[in-house]
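Asks: Here it is: the structure, laid out below.
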Amino acid sequence: MLLLWIICRLVLFPFYIIWSVQVEGTVIRDLYGMPEDMYLLYNRWFVIGISFLALLHCVWFSMFVKMGWILISKGETHDLSEHKKGEKQS
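Per my numbering, the very first residue in the sequence shown carries number 694; after that it's consecutive.
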């Protein structure tokens, strides 16, 4: 399941989906007759949004790797969102 997540979120999404939106979007714009200024406005914000989502996927993957490393090396499960700075550890 983790391998499928890596393939879909870290390979297919950034290298095929985002690329397709940026490059092949102009073909769809010309096909449906969307005004160029409107296309550039909406496309820019859409690409920024999905690129930010791809960045979040990288952050989440690094958290998975850290949790897996802790599980393998120490033999204990640990939620990385627990015990933030300033909180008491029980």
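Every residue gets a Cβ at the ideal spot worked out from N, C-alpha and C, and that includes glycine.
(1) Is there at least one Cβ from chain D nearer than 8 angstroms to residue 702's Cβ?
(2) If you drop the 5 nearest sequence neighbours on each side, which residues of the same chain put their C-beta closer than 8 angstroms to that of residue 711?
(3) How long is the line joining the alpha carbons of residue 785 and residue 770, rounded to whole angstroms?
(4) Please report the residue range of the alpha helix (DSSP H) in which residue 742 lies.
(5) Between residue 697 and residue 750, which are expected to be in contact by the criterion C-beta below 8 angstroms, what is the C-beta distance as a whole number of angstroms?
Replies: On the basis of the supplied data:
(1) Considering every chain present, this structure includes no chain D. It has just one protein chain.
(2) Walking along the sequence shown from the start, residue 711 turns up at place 18. Within the same chain, residue 711 has close Cβ partners 740, 743, 744, 747.
(3) One cannot answer for residue 785 here, as it falls past the ends of the chain, which runs 694 to 783.
(4) The sequence position of residue 742 within the sequence shown is 49, counting from 1. Taken as a continuous stretch (DSSP letters only), the alpha helix (DSSP H) holding residue 742 covers 729-767.
(5) In the sequence shown, residue 697 corresponds to position 4, counting from 1. In the sequence shown, residue 750 corresponds to position 57, counting from 1. About 13 angstroms; that fails the 8 angstroms criterion.
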